[in-house]
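Engineer: Encoded as structure tokens, here's the structure I'll be asking about.
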Amino acid sequence: MTGSPALPLDEEHLGLSRYRAGDLAGAIRHFTQARIAYESAGDERKSCEVCNSLSVALVQAGRPAEALAAVDGTPQRFDELGDPSSAAKAYGNLASAQEACGDLAAAEASFRLAADKFAELEDRQNHNFTMKALSQLQLRRGQPLQAALSLQAALEDQPDLGLRDRWLLRLLKVPFRFLRG
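Residue numbers (the working numbering): 25 to 205.
Dropping the structure here:
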């Protein structure tokens, strides 16, 4: 392949390989090349997928503004393409980039959109993960009651709770019993 451009799928796979190996700079380079190649080929779905992977790598590399630029608009594009599962994941990635940029209110809204979509899709694992991320964000925003409610929703949706999580769920329900009278 010397002298010829790499295929988009090759670049994407190299990006994933570099990401898994902890080489964020390499992952970013390959994801960027894959995005350009998919855009040139007119493959909007794959371009959006790679933009999301690129965003994750950029957040982890401490480059949140670039991550936000990479993922911006992809949730809506996935919705337009009829792919609600990818849209939900993209909203989660958008929320992570917004949080890394310090826009906590926007991140909370995006996490809620992701959680709602995962709930509609009955994707319990990703809904649970998103609700826990939302809970942590709400704690950072000084919203302990909302954080407790989000964590409670995550735990109630989680199958096969371990002992620690069962106790935590019971503890979370105590204050709400007092509020009901």
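Each residue gets a CB set at the ideal place from its N, CA and C atoms; glycine is no exception.
#1: Could you have a look at Cys125 and say whether DSSP puts it in helix, strand or coil?
#2: Gly218 to Cys75, Cα distance in whole Å?
#3: How big is the Cα-Cα spacing for Ala119 and Arg148?
#4: Distance, Cα to Cα, Arg190 vs Gln182?
#5: Quick one: is Pro88 buried, meaning 16 or more other Cβ sit within 10 Å of its Cβ, or exposed?
#6: In this structure, how does DSSP classify Leu38 when only helix, strand and coil are distinguished?
#7: Using the Cβ count rule (16 or more neighbours within 10 Å means buried), how would you classify Arg44?
Structural biologist: The relevant details are as follows:
#1: coil
#2: Outside the modelled stretch of the chain, which goes from 25 to 205, sits residue 218, for which no answer is possible.
#3: 19 Å
#4: 10 Å
#5: buried
#6: helix
#7: exposed
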